[in-house]
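Trainee: Mapping to the numbering used here: the sequence shown position 90 is 90, numbers consecutive. My structure is below; once you've seen it, I'll send some questions.
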Amino acid sequence: MFTDNQIFGAPLAGITDKPFRRIVRMFAPNAPLYTEMISCHSLVGMHKNCLRNFDRYDDEGNIGTQIFGADAQLMADAAKILQDAGAAWVDINMGCPVPKVATRSGAGANLMRDHRLAEKIMRAVVNAVSIPVSIKTRLGWDDAHRDWRELIDIASDCGVSFAALHGRTRAQLYTGNADLPMVHGVPIPIIANGDIRDAAGVERVKELGYSGAMIGRAMLGRPWLLGVLDGCGAAPENVGVIVLQHLEYMCQYYGNKNAIPMFRKHVAWYSAGYPNSADFRIRINQITDVKQLKIEICKFWGCEGNI
């Protein structure tokens, strides 16, 4: 499914939707990418208010679909749906730290402190599909319970193909620095995740024994980063052209009315560090018309687009 030293695009809630992945694919056509995490309850119930419940992945190449939940049968059923939709592999979220998932739902990072339930879910999902299954987890619930290795051993015994390890505990959320341990001798390949932003970070985790690196928040405003790091692409000559294309994909997927407010965060990330970017973002946040938004983007980056 992947080769050693491959660079992955991380699952990012509210970010790695289909439009974002299409942009990443322009620069990294073969990189393994993740979807946003998908609720097994929402997917199996085909809730109409969540567009990603109806995504197909046949044309997305090496794409892993991440699911979360605490019901083994529903997780297995969700995995089957995603396999039928064309996913290259299914990933089980065992690291999401937000209370809505990790405490109130008993899913995500909660599975790090309930290994019996984690094992039940992993076995159910592995047995339900013929495509590879992975997990994404953290170091542990807190500093007193850094038991990631035990969970990896259970995953291996269940037939999980590989794991991604985020170098923080659940208690840390996304604060502090990621602290990735050495993983030499683990029974399955491990992908490093957390604070990897450049080629030096990729090389560092290779030395620690990881089979690959996963880029997360470093992609924000730089969806070409995977392509740059894996040598398949380069940064665009004019970022504005990419911003316009991303907006177009968002409008196609969500419709203009919903896409515009959702796209503002992307514009903020794309424009960060540019002269007068603060004033630009203020103007963008007041725009509700797609044509006017495109005009402002073209003016800011000095590009031409289909307006």
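Beta carbons are placed, not taken as given, at the ideal position from N, Cα and C, and that holds for glycine. Source: prediction; values computed, not measured.
(1) Closest to C96 by C-alpha separation, out of P275, A107 and G86, would be which residue?
(2) Which of the three DSSP states, helix, strand or coil, is assigned to Y249?
(3) Taking the alpha-carbon positions, what's the L82 to L226 distance?
(4) DSSP beta-bridge partners for G308?
(5) Looking only at C-alpha atoms, which of G140, Y249, P99 and R222 sits nearest to P236?
(6) Over what stretch of residues does the beta strand (DSSP E) that includes Q66 continue unbroken?
(7) Expressed to the nearest angstrom, what Euclidean distance is found between the alpha-carbon atoms of M75 and L117?
(8) Excluding five sequence neighbours on each side, which residues of the same chain lie with their C-beta closer than 8 Å to the C-beta of I190?
(9) Mapping the DSSP letters down to three states, classify Q6 as helix, strand or coil.
(10) Rounded to the nearest angstrom, what separates W148 and I282 at their Cα positions?
(11) Taking the DSSP output, what are the residues bridged to H166?
(12) From this set, M250, L173 and I154, which residue's C-alpha is nearest I188's C-alpha?
(13) For the alpha helix (DSSP H) containing Y270, list its first residue and its last residue.
(14) Report the three-state DSSP secondary structure of A213 (helix, strand or coil).
(15) What residue from S105, K100, K294 and G201 has the CA that sits closest to G167's CA?
(16) Classify P261: buried if its beta carbon has 16 or more other beta carbons within 10 angstroms, exposed otherwise.
(17) By Cβ distance below 6 Å, which residues in the same chain neighbour A171 in space, the five residues on each side in sequence not counted?
(18) On the three-state DSSP scale, how would you describe M37?
(19) Secondary structure at V160, three-state DSSP: helix, strand or coil?
(20) Output the residue ranges of the alpha helix (DSSP H) runs that lie fully inside the segment 97-126 and measure 4 residues or longer, sorted by chain position.
(21) Where do the ends of the beta strand (DSSP E) carrying D84 lie?
(22) Would F263 pass as a contact of S271 if the rule is Cβ separation under 8 Å?
(23) On the CB-based measure, 16 or more other CB atoms within 10 Å of its CB, does S134 come out buried or exposed?
(24) Using the Cβ count rule (16 or more neighbours within 10 Å means buried), how would you classify A144?
(25) Specify, as a first and last residue, the run of the beta strand (DSSP E) that M94 falls within.
(26) Do V125 and A79 have their C-beta atoms closer together than 8 Å?
(27) Would you call the segment 6-23 and the segment 248-255 in contact, with 3 or more CB pairs under 8 Å?
(28) For H115, collect the residues of the same chain with a Cβ closer than 7 Å to its Cβ; drop the 5 residues on either side in sequence, then sort them by chain order.
Mentor: With the given structure in hand:
(1) A107
(2) helix
(3) 24 Å
(4) Only positions 1 to 307 of the chain appear in the structure, and residue 308 is not among them; the question remains open.
(5) R222
(6) I63 to F68
(7) 12 Å
(8) I152, F162, A163, A164, L165, V183, G209, Y210 and S211
(9) strand
(10) 43 Å
(11) R138 and N193
(12) I154
(13) N256 to S271
(14) strand
(15) G201
(16) exposed
(17) D142
(18) strand
(19) coil
(20) 99-102
(21) Taken as a continuous stretch (DSSP letters only), D84 belongs to no beta strand (DSSP E), being part of the alpha helix (DSSP H) at A72 to D84.
(22) no
(23) buried
(24) exposed
(25) W89 to M94
(26) yes
(27) yes
(28) E150, L151 and I154
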